[in-house]
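51 is the number that this note's numbering gives to position 51 of the sequence shown; each next residue is one higher, with no gaps.
We put the CB at the ideal spot given by N, CA and C, even for glycine.
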Amino acid sequence: MPRISVQAPRSVVMIRPHHFTPNEATAADNAFQTCPATGARETLAEAAYREATGVAAALEHAGITVQLFEDESGATPDSVFPNNWFSTHTGGHIAIYPMYSTSRRGERRNDIIDTLKQFYRVQDIIDYSGLEQDGVYLEGTGAMVLDHIERVAYAARSNRSNEVALERFCTHFNFEPVVFDAVDAQGRAIYHTNVLMCIGTEFCLIGLDTIRDAARRTEIATRLADTGRAVIDLSHEQIGDFAGNAMELHGRNGRILALSSRAARALRPDQIATLERSVSILPLDVPTIEMAGGSVRCMLAGIHLSPRG
């Protein structure tokens, strides 16, 4: 069995939505969103509920512990993406983040933090949410892709990723910030770093062509390769199919790569062969949830805390 890796948590938090709908308030800067047809909202909510249930069941079957919470409020359309408002870290640390859209700030829930305290060893909680009052935002492990092994935080500039907040996070949690500009095929800024980049223990999926500055692109590719990881370059089309929005986890039989079925179909055979040297690929059906502009990685908040008992 592959060794335990700090990059691949064994447990995750998921939110199962009861009133899912793509969030109109976030569509302006999230080009990955799809507008639903008029009158389709109830059908979408039912489908998203089934998809989240299926993802949790598939992960549990693979040996991942899923802390599954319900969202019955109807006031938080993006609640299915909890990794944007909190993250957990080895040593018993939790960070809570400032959110760009006011419609998302209600996603922060004390009961989830209390449950983490109950089942895992939590030493401290650093709450950055007050920065919202100053117009400073950092949407968690959507805005950042963390290399827990090398202690590097990669972040694409956007409305949801402020360099002041990033610097503060990196100082508190002992990461080095690496900031860059990234755009999609139409030249629009990519709203979250985790749609173009996934760092695993022995590989990295990254859309290098999204980084327009050639020198910066080469620098980041070289830096990732120097860690010994296989760097798998994703095309703009693959990024659009959420191939970068994946997460490495450690299951019952070793490390797995959780990603959507759409993302898995977008990967080339040679890319899949490279990944399968270190992970088993677990495709998950989330077409309705992907209409909100995020995919499987966005649905999973990794738990990097030590369990009690």
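For the alpha helix (DSSP H) holding residue i, just list the boundary residues, first then last.
{"i": "P269", "result": "269 to 275"}
{"i": "L282", "result": "Premise fails: L282 lies in the beta strand (DSSP E), 280 to 284, not in any alpha helix (DSSP H)."}
{"i": "E290", "result": "Element bounds for E290: n/a, residue is neither H nor E."}
{"i": "D114", "result": "110 to 119"}
{"i": "I239", "result": "236 to 240"}
{"i": "S261", "result": "261 to 266"}
Output the distance between the C-alpha atoms of residue i and residue j, rounded to the nearest integer angstrom.
{"i": "C298", "j": "P82", "result": "7 Å"}
{"i": "L300", "j": "V13", "result": "6 Å"}
{"i": "P98", "j": "S161", "result": "10 Å"}
{"i": "A243", "j": "C204", "result": "11 Å"}
{"i": "E202", "j": "D134", "result": "39 Å"}
{"i": "G123", "j": "Y191", "result": "Looking at the sequence itself, residue 123 is Gln, so the reference to Gly does not match. When rounded, the distance between both Cα atoms is 32 Å."}
{"i": "R265", "j": "D285", "result": "11 Å"}
{"i": "A185", "j": "A156", "result": "15 Å"}
{"i": "G293", "j": "D78", "result": "10 Å"}
{"i": "N84", "j": "D270", "result": "32 Å"}
{"i": "E72", "j": "Q118", "result": "23 Å"}
{"i": "R16", "j": "L116", "result": "17 Å"}
{"i": "Y154", "j": "D147", "result": "8 Å"}
{"i": "R188", "j": "T102", "result": "22 Å"}
{"i": "D111", "j": "G91", "result": "21 Å"}
{"i": "P307", "j": "A214", "result": "44 Å"}
{"i": "Y137", "j": "F175", "result": "18 Å"}
{"i": "G240", "j": "G309", "result": "42 Å"}
{"i": "A95", "j": "T193", "result": "18 Å"}
{"i": "I232", "j": "L305", "result": "29 Å"}
Return helix, strand or coil for residue i, following the three-state DSSP convention.
{"i": "D181", "result": "coil"}
{"i": "P82", "result": "helix"}
{"i": "Y154", "result": "strand"}
{"i": "L305", "result": "coil"}
{"i": "R255", "result": "strand"}
{"i": "M14", "result": "strand"}
{"i": "D213", "result": "coil"}
{"i": "L146", "result": "strand"}
{"i": "Q67", "result": "strand"}
{"i": "H172", "result": "helix"}
{"i": "T201", "result": "coil"}
{"i": "A8", "result": "coil"}
{"i": "Y49", "result": "helix"}
{"i": "E248", "result": "strand"}
{"i": "S312", "result": "The first residue shown for the chain is 1 and the last is 309, placing residue 312 beyond what the model contains."}
{"i": "T90", "result": "coil"}
{"i": "S73", "result": "coil"}
{"i": "L196", "result": "coil"}
{"i": "A221", "result": "helix"}
{"i": "L300", "result": "coil"}
Just to confirm, are residue i and residue j a CB contact at a threshold of 8 Å?
{"i": "T65", "j": "R109", "result": "no"}
{"i": "E139", "j": "I289", "result": "no"}
{"i": "A165", "j": "Y120", "result": "no"}
{"i": "A246", "j": "L257", "result": "yes"}
{"i": "V145", "j": "I199", "result": "yes"}
{"i": "F69", "j": "A48", "result": "no"}
{"i": "V55", "j": "V296", "result": "yes"}
{"i": "F173", "j": "H89", "result": "yes"}
{"i": "R255", "j": "A8", "result": "yes"}
{"i": "T76", "j": "E107", "result": "yes"}
Check for me: the beta strand (DSSP E) holding residue i runs from which residue to which?
{"i": "V231", "result": "230 to 233"}
{"i": "A95", "result": "93 to 96"}
{"i": "D377", "result": "Residue 377 is absent from the structure shown; the chain starts at 1 and stops at 309."}
{"i": "G125", "result": "Going by the sequence as given, residue 125 is Ile instead of Gly. Note, I125: beta strand (DSSP E), 124 to 127."}
> When the Cβ atoms of the stretch 257 to 267 are set against those of the stretch 218 to 229, are three or more pairs found closer than 8 Å?
Replying inline: Judged by Cβ distances under 8 Å, the stretch 257 to 267 makes no contact with the stretch 218 to 229, as fewer than three pairs qualify.
>> Between the stretch 206 to 216 and the stretch 177 to 184, can you find at least three pairs of beta-carbon atoms closer than 8 Å?
In response: Cβ pair count under 8 Å is three or more, so yes.
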